[in-house]
Amino acid sequence: MLDALEQALHERRPLQGAGLVHHSDRGSQYLALRYTERLAEAGVEPSVGSVGDSYDNALAETINGLFKTEVIHRRGPWRSFEAVEFATLEWVDWFNTRRLLEPIGNVPPAEAEARYFTQAAGQALATA
Numbered sequence: 088m089l090d091a092l093e094q095a096l097h098e099r100r101p102l103q104g105a106g107l108v109h110h111s112d113r114g115s116q117y118l119a120l121r122y123t124e125r126l127a128e129a130g131v132e133p134s135v136g137s138v139g140d141s142y143d144n145a146l147a148e149t150i151n152g153l154f155k156t157e158v159i160h161r162r163g164p165w166r167s168f169e170a171v172e173f174a175t176l177e178w179v180d181w182f183n184t185r186r187l188l189e190p191i192g193n194v195p196p197a198e199a200e201a202r203y204f205t206q207a208a209g210q211a212l213a214t215a
């Protein structure tokens, strides 16, 4: 789990004090001391789901379902852990940077996010 966190921190390079929140379920791996310490070092605020609230992780469960449908079940059977790991990296990159999503204007999530921050920065300058 720490490797995935380090990869996300490297990819996103969050700013200290920028209000980044890491939401997870109440899995023990996310509550482990080393994991929560690393979140604190990176200036990331941990958030865990409520007990018994099935809506807390609806988005994550949707993404997991897409991943299983589009990668795990379609491309299996898998011959090694490394093959699954590589396919996962490819899919996440494709989903974030190339997959067009209709609800956000038929653009990839990374592009929609970049537009949002550009627009927010422009609005902040206009009101300053």
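Numbering (this note's numbering), first residue to last: 88 to 215.
Where is the CB? At the ideal position from N, CA and C, for every residue including glycine.
For clarity, every value in this text was computed on a predicted model and none was experimentally measured.
C-beta atoms of Ser134 and His110 nearer than 7 Å | yes
Taking only the alpha-carbon atoms, compute the straight-line gap between Glu157 and Leu89 and give it to the nearest angstrom. 25 Å
Looking only at its chain, what residues have a beta carbon closer than 6 Å to the beta carbon of Leu96, apart from the 5 residues adjacent to it on each side?
Ala129
Next on the checklist: Does Leu120 come out as helix, strand or coil in the three-state DSSP assignment?
Outcome noted: helix
Cβ-Cβ distance between Ile191 and Ala197 below 7 Å: no
- Message: Rounding to the nearest angstrom, what Cα-Cα distance links Val179 and Arg185 in this structure?
- Response: 10 Å
Exercise for review: Name the one or two DSSP bridge partners that Ala134 has.
Suggested key: Here residue 134 is Ser; the residue named in the question, Ala, does not match the sequence. Ser134 is bridged to His110.
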